[in-house]
Amino acid sequence: QRRNESPKAAPATPPHDLSEYFKQFAFPQNECELHDFRLSFSQLRWDRWIIAPHRYSPRFCRGDCPRVPGQRYGSPVHTVVQSIISERLDPAVPRPACVPAEYRPLSVLTVEPDGSVAYKEYEDMIATKCTCR
Amino acid sequence: NSKGQGGSEKAPGFLAAPEDAASELGALLQLPKEGGQGHAFVPHLLEVLAERILRGLDGGAPWLQPDSRAIRYMKRLYRMSATKEGFPRAHRSPLYNTVRLFSPCRECEPRRRDLGEGDVHSVDLRFNLERVTALEHLLKSVLLYSFDTAVPISSSITCICHLSLKEHDFSSQVCPNISHSLAFSLHFDVRKRKWVEIDVTSFLQPLIAMNRRNTHMVLNFTCVMGDPQQSTKLDNPVNVALVPPSLLLYLNDTSEDAYHWGNSLRHGRKSPARARPRSGPLVHPTKGDKGKRNSQGKRASR
Chain P
291 QRRNESPKAA
301 PATPPHDLSE
311 YFKQFAFPQN
321 ECELHDFRLS
331 FSQLRWDRWI
341 IAPHRYSPRF
351 CRGDCPRVPG
361 QRYGSPVHTV
371 VQSIISERLD
381 PAVPRPACVP
391 AEYRPLSVLT
401 VEPDGSVAYK
411 EYEDMIATKC
421 TCR
Chain U
1415 NSKGQGGSEK
1425 APGFLAAPED
1435 AASELGALLQ
1445 LPKEGGQGHA
1455 FVPHLLEVLA
1465 ERILRGLDGG
1475 APWLQPDSRA
1485 IRYMKRLYRM
1495 SATKEGFPRA
1505 HRSPLYNTVR
1515 LFSPCRECEP
1525 RRRDLGEGDV
1535 HSVDLRFNLE
1545 RVTALEHLLK
1555 SVLLYSFDTA
1565 VPISSSITCI
1575 CHLSLKEHDF
1585 SSQVCPNISH
1595 SLAFSLHFDV
1605 RKRKWVEIDV
1615 TSFLQPLIAM
1625 NRRNTHMVLN
1635 FTCVMGDPQQ
1645 STKLDNPVNV
1655 ALVPPSLLLY
1665 LNDTSEDAYH
1675 WGNSLRHGRK
1685 SPARARPRSG
1695 PLVHPTKGDK
1705 GKRNSQGKRA
1715 SR
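Below, the structure is given as structure tokens:
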């Protein structure tokens, strides 16, 4: 480009703009991923009737979704379409969100109102994987 | 709503709690107040919480505190059924996802007839099984015996028991009480075992299946020291103070909130909407083109 340009042309863009230029393709800094959150039932004052477990880490998904999630998040093609629509056609369409894709169950021991004690296993209580949708 | 048909048909989730309780619940859970619908269909776990709040709010009957022995037993069952992090352990039978332990009703304190040494003892047991939902199917039920520490620590004790189930069948005036009965013997070494379990599954199955939530049993038993096989006659009856047994129900909760062992693949399975990139044209698993499959097969192995 420099060879074709006449010597009077503006000097080549300084290198730091290149990093700006490439930034738009890199993964977002705070990309969508799983975060820990350790909760104890005594914090919620539930420990009088939730006997076990004492602590519980539901984990959650937080972060920005890249414009082309691709393989990394196992997102369907719809996510890319939604991202393009949101960016180019209608900003009212929300960008893809960072949400849990898979969960694990949790076993809980509770005291019931009638004084009986119940052991129960609940589905989908701990997030184990995130995705962009 | 088709699920939440009230009564014990109530699904594990529940419809939005009354506004004041919901806001209380929301405040406690720091849930957004305006998200009134956010409270709808919270799972059973929070239903128990909401019930506690409602009882507190409208001055309902306070929660009954469970028997300390019951809590000790269920904590032991929890350690056997779940890891430290609270993940359900596999490899157990039956494959339950719910276990409920009921202590005999307090208000109807089991009636004991004071009998002399070695005579038959009789205990009236009533259990209120209201907490068992229609979606919880019975897999196994067990009478759980523990012993007063006052019992003389001996090598072993043998009890001959006779359990009869009293069903107050109000429809037929002719015989108000239909009772099934079950005879069994308990042989145990008091030092080693704090709990003795008697399987009464076949005995209770019909009751649970008919959604009978109040059971009335009468237990007659007599106990002797040692093992009757060795000592020919009942020469050393003992006045064993058997604590009225608790009733343990192993259940399979078929509601959506409950964890179903068949889903254990789910935690390795990709979420349904996740499109897996196809490496080649869709090949029907059975009819697929041999040539293509072999080449694909070879390529895959390479």
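Chains as they are written, first to last, in my numbering: chain P, 291 to 423; chain U, 1415 to 1716.
We put the CB at the ideal spot given by N, CA and C, even for glycine.
This structure is a prediction, so every number in the text was calculated from the model and none was measured.
Pick from the options that is closest to residue i, judged by C-alpha positions
i: tyrosine 363 of chain P; options: P/Arg345, P/Leu324, P/Asp414, P/Ser309; result: P/Leu324
i: serine 428 of chain P; options: P/Arg338, P/Gln333, P/Val383, P/Pro359; result: Because chain P in this structure spans residues 291 to 423, residue 428 of chain P falls outside the shown range and cannot be described.
i: arginine 1490 of chain U; options: P/Glu321, P/Tyr409, P/Pro359, P/Ala382; result: P/Tyr409
i: alanine 1496 of chain U; options: P/Asp307, P/Val383, P/Leu399, P/Ala382; result: P/Leu399
i: proline 343 of chain P; options: P/Phe331, P/Asp380, P/Gly405; result: P/Phe331
i: proline 395 of chain P; options: P/Gln319, P/Arg349, P/Ile416; result: P/Ile416
i: glutamate 1670 of chain U; options: P/Gln361, P/Thr418, P/Ser365, P/Tyr412; result: P/Tyr412
i: threonine 1615 of chain U; options: U/Leu1661, U/Asn1542, U/Arg1540; result: U/Leu1661
i: arginine 1540 of chain U; options: U/Leu1557, U/Leu1549, U/Leu1509; result: U/Leu1557
i: arginine 328 of chain P; options: P/Pro366, P/Arg385, P/Arg349; result: P/Arg349
i: serine 1560 of chain U; options: U/Leu1553, U/Ala1484, U/Asn1666, U/Tyr1673; result: U/Ala1484
i: tyrosine 1487 of chain U; options: P/Gly353, P/Arg378, P/Ser406; result: P/Ser406
i: methionine 1624 of chain U; options: U/Glu1499, U/Asp1613, U/Leu1543, U/Gln1479; result: U/Leu1543
i: proline 1508 of chain U; options: U/Lys1498, U/Leu1553, U/Arg1545, U/Ile1622; result: U/Leu1553
i: glycine 353 of chain P; options: P/Tyr311, P/Arg345, P/Ala387, P/Val367; result: P/Ala387
i: aspartate 1622 of chain U; options: U/Arg1545, U/Ser1570, U/Ile1571; result: As written in the sequence, residue 1622 of chain U is isoleucine, which differs from the aspartate given in the question. Nearest of U/Arg1545, U/Ser1570, U/Ile1571 to isoleucine 1622 of chain U, Cα basis: U/Arg1545.
Other residues of its chain near residue i: CB distance less than 8 Å, five sequence neighbours each side excluded
i: valine 1617 of chain U; result: Per the sequence shown, the amino acid found at residue 1617 of chain U is phenylalanine instead of valine. If we look at phenylalanine 1617 of chain U and ignore the five residues flanking it on each side, its Cβ neighbours are Ser1555, Leu1577, Leu1579, His1594, Leu1596.
i: asparagine 1511 of chain U; result: Pro1502, Leu1665, Asn1666, Asp1667, Ala1672, Tyr1673, His1674, Trp1675
i: aspartate 1481 of chain U; result: Ser1517, Ser1660
Proximal chain U residues relative to residue i, where beta-carbon distance stays under 9 Å
i: alanine 417 of chain P; result: Within chain U, no residue comes near alanine 417 of chain P; the closest Cβ sits about 11 Å away, beyond 9 Å.
i: proline 343 of chain P; result: Tyr1492, Ala1496, Lys1498, Glu1499, Gly1500
Pairwise C-alpha distance: residue j and residue i
i: threonine 1668 of chain U; j: serine 1536 of chain U; result: 37 Å
i: glutamate 392 of chain P; j: aspartate 1538 of chain U; result: 49 Å
i: tryptophan 336 of chain P; j: valine 389 of chain P; result: 27 Å
i: proline 1502 of chain U; j: valine 1513 of chain U; result: 13 Å
i: tryptophan 1675 of chain U; j: proline 1620 of chain U; result: 25 Å
i: leucine 1515 of chain U; j: histidine 1601 of chain U; result: 23 Å
i: serine 376 of chain P; j: serine 309 of chain P; result: 25 Å
i: proline 1518 of chain U; j: histidine 1630 of chain U; result: 10 Å
i: aspartate 307 of chain P; j: tryptophan 339 of chain P; result: 59 Å
i: tyrosine 1492 of chain U; j: serine 397 of chain P; result: 8 Å
i: alanine 1548 of chain U; j: asparagine 1628 of chain U; result: 14 Å
i: valine 1610 of chain U; j: valine 1638 of chain U; result: 16 Å
i: alanine 1504 of chain U; j: glutamate 402 of chain P; result: 25 Å
i: cysteine 422 of chain P; j: serine 365 of chain P; result: 6 Å
i: leucine 1633 of chain U; j: proline 1658 of chain U; result: 9 Å
i: histidine 368 of chain P; j: tyrosine 311 of chain P; result: 26 Å
i: arginine 345 of chain P; j: glutamate 1499 of chain U; result: 8 Å
i: proline 356 of chain P; j: leucine 379 of chain P; result: 18 Å
i: methionine 1494 of chain U; j: arginine 1626 of chain U; result: 30 Å
i: proline 381 of chain P; j: valine 370 of chain P; result: 15 Å
i: leucine 1506 of chain U; j: valine 358 of chain P; result: What sits at residue 1506 of chain U in the sequence shown is arginine, not leucine. Using only the alpha carbons, I get a separation of about 44 Å.
i: leucine 1663 of chain U; j: glutamine 1479 of chain U; result: 19 Å
i: arginine 385 of chain P; j: glutamate 321 of chain P; result: 14 Å
i: cysteine 420 of chain P; j: glutamine 361 of chain P; result: 12 Å
i: aspartate 404 of chain P; j: cysteine 351 of chain P; result: 37 Å
i: aspartate 326 of chain P; j: glutamine 319 of chain P; result: 18 Å
Own chain, CB closer than 6 Å to residue i, minus 5 neighbours either side, in chain order
i: aspartate 414 of chain P; result: Tyr393
i: phenylalanine 1635 of chain U; result: His1535, Cys1573, Cys1575
i: isoleucine 341 of chain P; result: Leu399
Chain U residues whose Cβ lies nearer than 7 Å to that of residue i
i: valine 407 of chain P; result: Pro1480, Ala1484, Ile1485, Met1488, Leu1515
i: aspartate 326 of chain P; result: Those do not exist, as aspartate 326 of chain P stays about 12 Å from chain U at its closest Cβ, beyond 7 Å.
i: isoleucine 374 of chain P; result: What isoleucine 374 of chain P touches in chain U: nothing, since even the nearest Cβ is about 17 Å away.
i: serine 404 of chain P; result: With the sequence shown as reference, residue 404 of chain P is identified as aspartate, and serine is not the correct amino acid for it. Those are Leu1478, Asn1542, Glu1544, Arg1545, listed as they occur along chain U.
Where residue i meets chain P, residues with beta-carbon distance less than 9 Å
i: aspartate 1667 of chain U; result: Lys410, Glu411
i: threonine 1512 of chain U; result: Ala408, Tyr409, Lys410, Glu411
Own chain partners of residue i with C-beta closer than 7 Å, once the 5 adjacent residues on each side are dropped
i: valine 383 of chain P; result: Gln372, Ile375, Ser376
i: threonine 418 of chain P; result: Glu392, Tyr393, Arg394
i: histidine 1551 of chain U; result: Leu1665, Asn1666, Thr1668
i: phenylalanine 1598 of chain U; result: Cys1575, Ile1612
Proximal chain U residues relative to residue i, where beta-carbon distance stays under 8 Å
i: leucine 329 of chain P; result: What leucine 329 of chain P touches in chain U: nothing, since even the nearest Cβ is about 11 Å away.
i: valine 371 of chain P; result: In chain order: nothing, as chain U lies at least about 12 Å away.
Chain-ordered neighbours of residue i on chain P, where CB pairs are closer than 7 Å
i: tyrosine 1673 of chain U; result: Pro395, Glu411, Tyr412, Glu413
Contact set between residue i and chain P, taken where Cβ atoms lie within less than 8 Å
i: asparagine 1625 of chain U; result: Result: empty, since nearest Cβ-Cβ is about 17 Å, beyond 8 Å.
Discussion item. To be precise: take each residue of the segment 384-397 of chain P, compare its Cβ to all Cβ atoms of chain B, and keep it if any distance is under 8 Å. Which residues remain?
Written reply: This model lacks chain B altogether; the protein chains it does include are P and U.
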